[in-house]
Amino acid sequence: MHELILGGARSGKSRHAEMLARATGLPVVYIATAQALDDEMAARIDQHRAQRPADWTLVEEPLALAAALQREAAVGRCLLVDCLTLWLSNLLLVDEPGRLEQETSALLTLLPALPGQVILVSNETGLGVVPMGELSRRYVDAAGHLHQALAAHCQRVTFCVAGLPQLLKGGPA
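Numbering (my numbering), first residue to last: 2 to 174.
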């Protein structure tokens, strides 16, 4: 089963994803895309680490997500990716033309063939005003296109708001 969990900032999406991963009873590999580039992000990363069960494997991969998924996916294992919008930000800011498209294409090509349980977490950024800056607009556009493509591939899609998961596609967990 592949699942996409969307929501705004502080919507409860990560907590919901972690609860689902625990409920599988499978060994969990947590694939973190965040980079501690400042004190605030370092504190957020530390908070997430403290919340996770000690027996979960941690893989930190800010750019080559498809390669990490391919390496870690297995029958009888749950992969939890948190979060895709940080991954997109990392790719937008890297000085490698075409890298965003290459990595996104690799993810979308690989996902249908991945064995085991895969839980993808991402911020829904398309519910607000259109950003004024070019980079911000590219980010919102890339996130929107990625979410639509992933939702088509995933068996279940959930939207979290105020800590309440709302099922958009598929059956209950």
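C-beta: ideal position from N, C-alpha, C; glycine also. The structure presented is a predicted model; accordingly, all values stated were derived computationally and were not measured.
Could you spell out the range, first to last residue, of the alpha helix (DSSP H) harbouring residue i?
i: residue 75; result: Here residue 75 belongs to no alpha helix (DSSP H), and DSSP marks it neither H nor E.
i: residue 21; result: 14–25
Suppose you measure from the CA of residue i to the CA of residue j; what does that come to, to the nearest Å?
i: residue 123; j: residue 27; result: 22 Å
i: residue 67; j: residue 110; result: 9 Å
i: residue 24; j: residue 38; result: 32 Å
i: residue 75; j: residue 58; result: 14 Å
i: residue 22; j: residue 129; result: 30 Å
i: residue 99; j: residue 135; result: 17 Å
i: residue 44; j: residue 4; result: 27 Å
Residue i and residue j look like a contact to me (Cβ under 8 Å); what is the Cβ gap, rounded to whole Å?
i: residue 158; j: residue 171; result: 7 Å
i: residue 154; j: residue 112; result: 5 Å
Quick check: residue i and residue j, are their CB atoms within less than 7 Å of each other?
i: residue 18; j: residue 6; result: yes
i: residue 160; j: residue 149; result: no
i: residue 93; j: residue 144; result: no
i: residue 30; j: residue 60; result: yes
i: residue 63; j: residue 36; result: yes
What are the boundary residues of the beta strand (DSSP E) that includes residue i?
i: residue 37; result: Element bounds for residue 37: n/a, residue is neither H nor E.
i: residue 83; result: 79–83
i: residue 168; result: 165–170
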